[in-house]
Amino acid sequence: MGDSQYSFSLTTFSPSGKLVQIEHALTAVGSGQTSLGIKAANGVVIATEKKLPSILVDETSVQKIQTLTPNIGVVYSGMGPDFRVLVRKSRKQAQQYYRLYKETIPVTQLVRETAAVMQEFTQSGGVRPFGVSLLIAGYDDNGPQLYQVDPSGSYFSWKASAMGKNVSNAKTFLEKRYTEDMELDDAIHTTILTLKEGYLVFLICCFCLIPLFQSNLIEF
Amino acid sequence: MSIFEYNGSAVVAMVGKNCFAIASDRRLGVQLQTVATDFQRVFKIHDRLYIGLSGLATDAQTLYQRLVFRHKLYQLREERDMKPQTFASLVSALLYEKRFGPYFCQPVIAGLGDNDEPFICTMDCLGAKELAKDFVVSGTASESLYGACESMYKPSMEPEELFETISQALLASVDRDCLSGWGGYVLLVTPTEVQERVLKGRMD
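Note that the protein sequences, when read in sequence, are chains A and B. Read in the UniProt record's numbering, the first sequence has 178 at position 178, and its numbers run on one by one without any break. Read in the UniProt record's numbering, the second sequence has 184 at position 184, and its numbers run on one by one without any break.
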């Protein structure tokens, strides 16, 4: 296909109107470990599988789910190091917002700014796109919210979503089990079931946000 | 003469029961000469938030333009109006940015926050916030204003009484200050309406 001639330069469109590097970034995401999130009536839960290459790895040092502010958390599928860089940038933006307005940043604003960073890396010279898709979960004055941000910088609000390996099975499962008035406990239960669908599970990280603006990180 | 006394100004804000009032004088001078008698010092940010800027008139106008710019962008991005406390933090940050070449203004911010709770604050030209539960003053007539407000203020006044009090306090104070006066402009804001009134005092 003519596209392959355009696959090495990020900042050149292919004749079919695609930026092939971004397509490749999405492939990198698609081969990463599954992560998913569900928005309940009174909170949001995001989870991922924490599969380690060997039993000798100190599992406490691996953090696949991070907080960006006390009431916003994020999980990823794709390249771990890229995730760390984005977390660092997003945390800084959240703090800059607080410094200016003395008010915690709303979820939509943080998502917008993170997506803007990811978009920058698809239009600058000498850089490559981030090889991660993020699921950002938060609770603010507009209630519980769940957003997915892609390497291209586009973002979507979801009621429930999955990313990474096995995503089509996971989404089908979520479509069947999701209800509008789910409580947080039901959502956690559904999350675990969805993750179990794919694999023999070794370790899962779960992250719950409840209306009291507390975030709980549970590992089991 | 200090740069803060170049144009002359008086601004005061008071808290009432689920309402607030913000008032200013109307004189614009160039040192001893009066140049205008209808100068606006109190500006609207949105329906429930007002800012009065005393001090150098050019800085007051420029600062107001910058603040309105920031607030309009905030409204577009966040799809909501700024809360008074948030706006006060923004003004403070903007003023401190110019720490070593400041705007020669002392803002007075007054607004209705969540649950129609009135909020007032003032700050110096570098952004040091001063919150108050009763009244805040600024301008060349500030010393007289402090005295007048302290003696005339009562907590939880109804809108009509608040209007009377703030008008009397303003007119009495600017009479003691040669650089401010030529009438007054009072804005009374309640959860349901905004009343603007122009006062006629000693026109000197």
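Ideal Cβ positions, reconstructed from N, Cα and C, are used throughout, including at glycine. These figures come from a predicted structure and were not determined experimentally.
Could you say which of the options lies nearest to residue i if we only look at CA atoms?
i                : options                                : result
Val186 (chain B) : B:Leu32, B:Glu158, B:Ser24, B:Lys17    : B:Ser24
Glu49 (chain A)  : A:Glu59, A:Pro144, A:Phe173, A:Tyr139  : A:Glu59
Ala115 (chain A) : A:Phe156, A:Asn42, A:Lys39             : A:Phe156
Gln33 (chain B)  : B:Arg197, B:Leu188, B:Glu196, B:Trp182 : B:Trp182
Phe130 (chain A) : A:Asp141, A:Arg91, A:Leu86             : A:Leu86
Leu19 (chain A)  : A:Ser90, A:Ser35, A:Pro151             : A:Pro151
Glu5 (chain B)   : B:Thr165, B:Glu79, B:Leu179, B:Glu143  : B:Leu179
Leu135 (chain A) : A:Glu120, A:Gly153, A:Ala162, A:Ala170 : A:Ala162
Leu56 (chain B)  : B:Gln75, B:Asn7, B:Arg26               : B:Asn7
Ala187 (chain A) : A:Gln21, A:Val45, A:Gly126             : A:Val45
Gly153 (chain A) : A:Pro106, A:Glu113, A:Gly37            : A:Glu113
Thr12 (chain A)  : A:Asn166, A:Arg84, A:Val107, A:Thr122  : A:Thr122
Glu193 (chain B) : B:Arg48, B:Leu145, B:Gln85             : B:Arg48
Asp181 (chain A) : A:Leu26, A:Lys159, A:Ser16             : A:Lys159
Ala25 (chain A)  : A:Tyr97, A:Met79, A:His189, A:Arg91    : A:Met79
Ser173 (chain B) : B:Leu188, B:Met203, B:Glu158, B:Ser142 : B:Ser142
Ser90 (chain A)  : A:Ser133, A:Gly32, A:Val111            : A:Val111
Arg177 (chain A) : A:Ser31, A:Lys39, A:Pro15              : A:Lys39
Pro102 (chain B) : B:Ser156, B:Met1, B:Asp124             : B:Asp124
List the residues of chain B that residue i touches, going by C-beta distances under 7 Å, in chain order.
i                : result
Tyr101 (chain A) : Thr86, Ser89, Leu90
Name, please, each residue of chain B whose Cβ falls closer than 9 Å to the Cβ of residue i.
i                : result
Pro144 (chain A) : The contacting residues do not exist; Pro144 (chain A) stays about 18 Å from chain B at best.
With DSSP as the reference, label residue i as helix, strand or coil.
i                : result
Pro144 (chain A) : strand
Ser133 (chain A) : strand
Gly147 (chain B) : helix
Asp204 (chain B) : coil
Ser168 (chain A) : helix
Ser77 (chain A)  : strand
Ala57 (chain B)  : helix
Cys19 (chain B)  : coil
Pro102 (chain B) : coil
Val85 (chain A)  : helix
Val201 (chain A) : With a pLDDT of only 47 at Val201 (chain A), under 50, the local geometry of the prediction cannot be trusted, and the value read off the model is given with reservation. Residue state, collapsed to three classes: coil.
Ala88 (chain B)  : helix
Tyr185 (chain B) : strand
Ser161 (chain A) : strand
Lys39 (chain A)  : strand
Ile51 (chain B)  : strand
Pro118 (chain B) : strand
Val111 (chain A) : helix
Arg70 (chain B)  : helix
Leu100 (chain A) : helix
Glu180 (chain A) : coil
Met118 (chain A) : helix
Val174 (chain B) : helix
Met152 (chain B) : helix
Gln40 (chain B)  : coil
Phe13 (chain A)  : coil
Ile105 (chain A) : coil
Pro191 (chain B) : coil
Ser152 (chain A) : coil
Quick one: which chain A residues come within Cβ less than 9 Å of residue i?
i                : result
Ala128 (chain B) : Result: empty, since nearest Cβ-Cβ is about 14 Å, beyond 9 Å.
Do we get a CB-CB distance below 8 Å when we pair residue i with the residues of chain C?
i                : result
Gln109 (chain A) : Of the protein chains in the structure, A and B, none is chain C.
Can you list the residues of chain B that residue i reaches, using a CB-CB cut of under 8 Å?
i                : result
Pro129 (chain A) : The premise fails here: Pro129 (chain A) is roughly 25 Å from chain B at the closest Cβ pair, so nothing lies under 8 Å.
Pro106 (chain A) : Glu78
Could you check the C-alpha separation between residue i and residue j for me, to the nearest Å?
i                : j                : result
Leu10 (chain A)  : Arg99 (chain A)  : 35 Å
Ile153 (chain B) : Gln31 (chain B)  : Just to set this straight, residue 153 (chain B) is Tyr in the shown sequence, not Ile. Their backbone Cα atoms lie some 31 Å apart in a straight line.
Ser124 (chain A) : Glu150 (chain B) : 60 Å
Thr69 (chain A)  : Glu103 (chain A) : 12 Å
Val201 (chain A) : Ala94 (chain A)  : Any reading at Val201 (chain A) is ruled out, since the residue's pLDDT is 47, under 50, leaving its predicted position unreliable.
Leu171 (chain B) : Ala148 (chain B) : 10 Å
Leu53 (chain B)  : Glu97 (chain B)  : 18 Å
Phe173 (chain A) : Phe119 (chain B) : 50 Å
Glu196 (chain B) : Ser167 (chain B) : 12 Å
Val15 (chain B)  : Asp38 (chain B)  : 25 Å
Ala88 (chain B)  : Thr67 (chain A)  : 28 Å
Asp140 (chain A) : Gln106 (chain B) : 33 Å
Gln40 (chain B)  : His71 (chain B)  : 20 Å
Gly143 (chain A) : Asp175 (chain B) : 53 Å
Leu131 (chain B) : Ile22 (chain B)  : 15 Å
Gly201 (chain B) : Glu164 (chain B) : 14 Å
Thr34 (chain A)  : Val74 (chain A)  : 14 Å
Glu160 (chain B) : Cys19 (chain B)  : 10 Å
Val68 (chain B)  : Ile109 (chain B) : 13 Å
Ser16 (chain A)  : Thr27 (chain A)  : 18 Å
(message) For the region 66–79 of chain B, list every residue whose C-beta sits within 9 Å of some C-beta in chain A, in sequence order.
(response) Tyr74, Arg77, Glu78, Glu79
(message) Please list, in chain order, the residues of the region 37–70 of chain A that have any C-beta partner in chain B closer than 7 Å.
(response) Those would be none; no residue qualifies.
(request) Select from the region 93–118 of chain B all residues with a C-beta closer than 7 Å to any C-beta belonging to chain A, and list them in chain order. (result) Ala93
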